[in-house]
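Engineer:
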Amino acid sequence: MYRGPAKEDFLVVLAAVATCIAPVLSAWGYLPASSLRALPGRLHPSETATAAGPEPAPPVRWLPAAHPSGGPEAYAPSPEAYVPSMIGEDARRRLGLVHLLGRYSTYFDPALRGRVANLRRAAAAIDGLLLQPGQEFSFNDVVGPRTPETGYVEAPELVAGELVPGVGGGICQLSSTLYNAVLYTALRVTERVHHSRPLGYVPPGRDATVYDDVLDLRFVNTEPDPVLLSAEMVENRLTVAIWGSRPSSREVKIEQSEERRLPPPVEFIADPSLPPGSWKVERRGGDGVEVVVFRLVYDAAGQLVHRERLYRDFYAPRSYAVRAGPGVDREAVRHALRGDRERERARELLRAWGLP
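This is the structure we're talking about:
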């Protein structure tokens, strides 16, 4: 357990007291609601603290008890899209939230500028968020609508199993990364929906899709003290971490068991314009898969104390559409497509590990 000098201990206690009484004072009318969003003295990225000046307060925001109503401006995330997390070790120490409860990283392609821009903007909205004991986090409430007015741009997104252009495309990688970080904590997930098909950046059964006010990721802080969320993007890696005031006495492992894999059907479309024996993929397909996800909890001695089945997810197969010239050997086509899918699965594993 961290034990700093007397002055640091005093700041930690002061921050903890403020953490407990600020929502009560706000509810009684002694603090304006806006004071729960940011502690005073937040530094702009272009500002620096001098040795002679006061130490800046960490850029922490409270999650309000009720999200404000209104137009897009009421939900818009901070205009600055930070790449590194603004919540460093010193800031966490001053808040008394120095113990890592859960952390997860996924990888992305930095060349996909629209997707990266959306990830940065959404990550800035959750970075530095404090969640009170018993309070429920809603991804859609915190991140807000994904529209051009709130700074989101067009990028590929998954709709009905197909990638199509959409404003805010790509932020499901953030919700999935956050979801996996939560799985390693004692926080309780209250709403989560998987995608219509497996994704490359997390294993099947470990994703969490979000869509406006229809699909959300929600979880409740079941800790006796506040928890702090941090999010950062470094090179091609997105990391979400959850911090608390008490060290965790347990180790958590997540396992997924693939129950079955279903090959996709192949729809052949006769095309006499193609040379005899040749064929062309009109629409790519993909395997269906059913997975069961388990959470295993170990004590400090490494003994398994709890094994929990979280859920069973099924991703339906996506059919191929193949244009076939005269005399095509359809079985040979199916065999070739099967090999193509196996190579794609290998590439997805490499991408999930952050390898080219």
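2 is the number of the first residue of the sequence shown in my numbering; add one for each residue after it.
Glycine included, every Cβ here is placed at the ideal spot set by N, Cα and C.
Ignoring anything shorter than 3 residues or poking outside the region 73-155, list the beta strand (DSSP E) runs there in chain order.
Structural biologist: As far as the region 73-155 is concerned, its whole beta strand (DSSP E) runs of at least 3 residues are 100-108, 130-132, 137-139.
Engineer: Does DSSP put Asp330 in a helix, a strand or coil?
Structural biologist: It is coil, neither helix nor strand.
Engineer: Any idea what DSSP makes of Arg339, helix, strand or coil?
Structural biologist: In this structure, Arg339 counts as helix in the three-state DSSP scheme.
Engineer: Just the Cα atoms here: how many angstroms apart are Val215 and Gly167?
Structural biologist: So the two alpha carbons sit approximately 16 angstroms from each other.
Engineer: How big is the Cα-Cα spacing for Phe269 and Tyr108?
Structural biologist: In a straight line, the C-alpha of Phe269 is about 36 angstroms away from that of Tyr108.
Engineer: Taking Glu158 as the reference, give the member of Gln257, Val190, Arg147 with the closest Cα.
Structural biologist: Selected option, being the one with the closest Cα: Arg147.
Engineer: Comparing C-alpha positions only, which one of Glu252, Gly326, Asp330, Asp341 sits nearest to Val298?
Structural biologist: That would be Glu252, whose Cα lies nearest to the Cα of Val298.
Engineer: Starting from Gln174, follow the alpha helix (DSSP H) in both directions and report where the run begins and ends.
Structural biologist: It spans 173-184 - the alpha helix (DSSP H) in which Gln174 sits, taken as one unbroken run.
Engineer: For Asp288, collect the residues of the same chain with a Cβ closer than 7 angstroms to its Cβ; drop the 5 residues on either side in sequence, then sort them by chain order.
Structural biologist: Arg262, Leu263, Pro264, Pro265, Pro318, Arg342.
Engineer: Contact check, Asp213 vs Asn141 under 8 angstroms by CB: the rounded distance?
Structural biologist: About 7 angstroms; that satisfies the 8 angstroms criterion.
Engineer: Strictly by DSSP, which residues pair up with Glu259?
Structural biologist: Bridge partners of Glu259: Val292.
Engineer: Which of helix, strand or coil does DSSP assign to Glu236?
Structural biologist: If DSSP states are grouped into helix, strand and coil, Glu236 belongs with coil.
Engineer: Between which two residues does the beta strand (DSSP E) carrying His307 extend?
Structural biologist: Taken as a continuous stretch (DSSP letters only), the beta strand (DSSP E) holding His307 covers 305-316.
Engineer: Between Pro149 and the rest of its own chain, which residues show a CB-CB distance below 7 angstroms, the 5 nearest in sequence each way excluded?
Structural biologist: So the list reads Val168, once near-sequence residues are dropped.
Engineer: Specify the secondary structure class of Glu224 as computed by DSSP and reduced to three states.
Structural biologist: Residue state, collapsed to three classes: coil.
Engineer: Could you check the C-alpha separation between Ala126 and Val143 for me, to the nearest Å?
Structural biologist: So the two alpha carbons sit approximately 7 angstroms from each other.
Engineer: Classify Arg344 as helix, strand or coil using the three-state DSSP reduction.
Structural biologist: Of the three classes helix, strand and coil, the one that applies to Arg344 here is helix, per DSSP.
Engineer: Determine the extent of the beta strand (DSSP E) in which Arg324 is found, giving its start and end residues.
Structural biologist: Counting along the chain, the beta strand (DSSP E) containing Arg324 begins and ends at 321-325.
Engineer: Roughly how many angstroms lie between the CA atoms of Phe295 and Glu259, to the nearest whole one?
Structural biologist: Their backbone Cα atoms lie some 11 angstroms apart in a straight line.
Engineer: What distance in whole Å lies between the Cβ atoms of His100 and Ser320, which are believed to be in contact at a cut-off of 8 angstroms?
Structural biologist: About 48 angstroms; that fails the 8 angstroms criterion.
Engineer: Are Leu239 and Thr178 touching if we call contact CB-CB under 9 angstroms?
Structural biologist: Contact flag set, yes.
Engineer: Sorted by chain position, which residues of the same chain lie with C-beta nearer than 6 angstroms to Leu184's C-beta, five sequence neighbours on each side aside?
Structural biologist: The residues are Ile255.
Engineer: Check the DSSP bridge columns for Ala187 and list the partner residues they point to.
Structural biologist: Beta-bridge pairing links Ala187 to no other residue.
Engineer: To the nearest angstrom, how far is it from the Cα of Leu164 to the Cα of Ser279?
Structural biologist: Taking the straight line joining both Cα atoms gives about 27 angstroms.
Engineer: So what does Gly287 bridge to, in DSSP terms?
Structural biologist: Arg319.
Engineer: Find the nearest neighbour of Arg335 within the set Glu233, Gly286, Arg193, Ala347, judged by alpha-carbon distance.
Structural biologist: That would be Gly286, whose Cα lies nearest to the Cα of Arg335.
Engineer: With 16 as the cutoff for other CB atoms within 10 Å, does Leu305 come out buried or exposed?
Structural biologist: By the 10 Å Cβ count, Leu305 comes out exposed.
Engineer: Check the DSSP bridge columns for Leu245 and list the partner residues they point to.
Structural biologist: Per the sequence shown, the amino acid found at residue 245 is Gly instead of Leu. Partner(s): His100.
Engineer: Note down the Cα distance separating Leu132 from Leu102, rounded to an integer number of angstroms.
Structural biologist: Cα to Cα, the separation comes out at about 13 angstroms.
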